[in-house]
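Notes follow the structure.
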Amino acid sequence: WTRQLKGFTSPMVFPFQRTGKNRPEARRQQHAIPLTTGLNQTGLPAETTRKIKQLCRKNHLTLNTFLMGAWAILLSHYTGRRDILFGATVSVRHFIPDSQEKTGLYINTLPVRIRIDPQQSLVNLVSDIRKNWNQVRRFQHMPLAEIQACSPIKGSQPLSEIYFSYDYQSLDAALTPYKKPMACKDIALLERTPAGIFLTVQGTDTLQISIEYDQRKFTSDTIEQILFHFQTCLKSAAEAPDAPLTDLPVLTRKEQDQIAEKLNTRKKFARPNSCIHHLFEIQASFNPTVTAVKDSRKQVTYDQLNTSANQMAHYLLTQGAAPEKKVLVFLPQTADTIGLLLGILKSGCCYIPVDRTCPE
């Protein structure tokens, strides 16, 4: 695990979280903690599921690692990071003597680290994920707390606030043989999870996708949007598994049309409430390989600049960045400085440039 987590120094934090006044506080009662977990669900069309399963069989992949790959691609789009890490739940029952005669969950959470190469195909990405997954599964009995102690991230800060799980059989389907005496129907399980967001996929013939989330951090509308994007990513992957990851759309057609409308309507760019970093993201989504800024040493594309800005924003958030907080900038005027300034804005802060020739 030390080798697996080497170099991972910044925790995975999901964007779009509520901040400040928009985030309701969890009020503790005297004898109980209120359940703050929300649940949103959707299903993947049977035809798309069939194509994905056929693709996995053809390339000797597992459905579990294919879904991991799609989730990692979406997280890379959201965060701008190419080094992705999330927790995946696994069963460790076979490590326990006489476990079949014992009652209990016997599950563990393993960190899954996936490095995204935009020019790599999905099939190659999932193949790499499967190889790595088979290696770490040999050490799946190790408690998560001990695994985290092997990482460069110390203290109580988690490696990731994002979890993933795949179950080939839903709870409702698992209880099918007992339904006559039990008369159960449409079973849903709500749990309190340490993750801010937990994606679960169930089934084989048709895939049921659900997200459990902390309602103090995310709205239901935000989770619905994430589900739509995950569906779109899966459909794109099923249609073009050999295409570079940069060519796999994750936005819905409606969202693509909205972005195109913004790009082609000059008046909308001039609206007072349009933030510069939002407009930059729109431009970056359409021109990722175009040079955005250059200095005497190098030139940086929109995609590279956006990735750098997102990394800076996530770092600032881990350091307590919040709306209206000020960040002093005492740096030379280079291409890298532009990414820093955009990152400050993305974190919700504002920046105060200091003249290096006259710091007093």
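Going by the UniProt record's numbering, the first residue of the sequence shown is number 1, and it counts up by one from there. Where is the CB? At the ideal position from N, CA and C, for every residue including glycine.
Query	Result
Which of helix, strand or coil DSSP assigns to Gln208	strand
Own chain, CB closer than 6 Å to Ile33, minus 5 neighbours either side, in chain order	With a pLDDT of 45 at Ile33, under the threshold of 50, the predicted position of this residue should be treated as unreliable, though the coordinate-derived value follows. Excluding residues within five positions, none has a Cβ falling inside 6 Å.
Of the listed residues Thr334, Val329, Ser220, nearest to Leu345 (C-alpha basis)	Val329
Meets three-Cβ-pair contact criterion under 8 Å: the region 56 to 68 and the region 111 to 129	yes
Option nearest Phe218 by Cα separation, candidates Thr200, Val13, Thr109, Thr9	Val13
Sequence-distant residues of the same chain with beta carbon closer than 8 Å to Gln311, five excluded per side	Ser10, Gly80, Arg81, Gly343
His314, buried or exposed, once every other Cβ within 10 Å from all chains shown has been counted against 16	buried
Per-residue DSSP class, three states only, for Arg266	A caution first: Arg266 carries a pLDDT of 46, below 50, which makes its placement in the model unreliable, though a value can still be read off. DSSP places Arg266 in helix when its eight states are reduced to three.
CB contact flag (Thr246, Pro288, <8 Å)	yes
Gln308 and Gly339 closer than 8 Å at C-beta	Contrary to the premise, residue 308 reads as Ser rather than Gln in this sequence. Their beta carbons are under 8 Å apart, which means Ser308 touches Gly339 by this criterion.
Neighbour-count burial assignment, Asn134, 16 or more Cβ in a 10 Å radius	exposed
Assigned exposure category for Phe198 - 16 Cβ within 10 Å defines buried	buried
Burial state of Ala224 (16 or more Cβ within 10 Å)	Checking the displayed sequence, the identity of residue 224 turns out to be Glu instead of Ala. Burial call: exposed.
DSSP-derived helix/strand/coil call for Gly38	strand
Any alpha helix (DSSP H) of 4 or more consecutive residues that is wholly inside the region 211 to 257	220 to 239
Span separating the alpha-carbon of Phe164 from that of Val354	44 Å
Check whether Gly43 and Leu207 have beta carbons under 8 Å apart	yes
Whether Pro111 touches Leu85 by CB criterion (8 Å)	yes
Nonlocal neighbours in the same chain, by C-beta distance under 6 Å from Ala238, ignoring five residues either side	Thr48, Lys51, Ile52
Ser285 in three-state terms, based on DSSP	helix
Option nearest Thr357 by Cα separation, candidates Lys326, Leu341, Gln333, Ser347	Gln333
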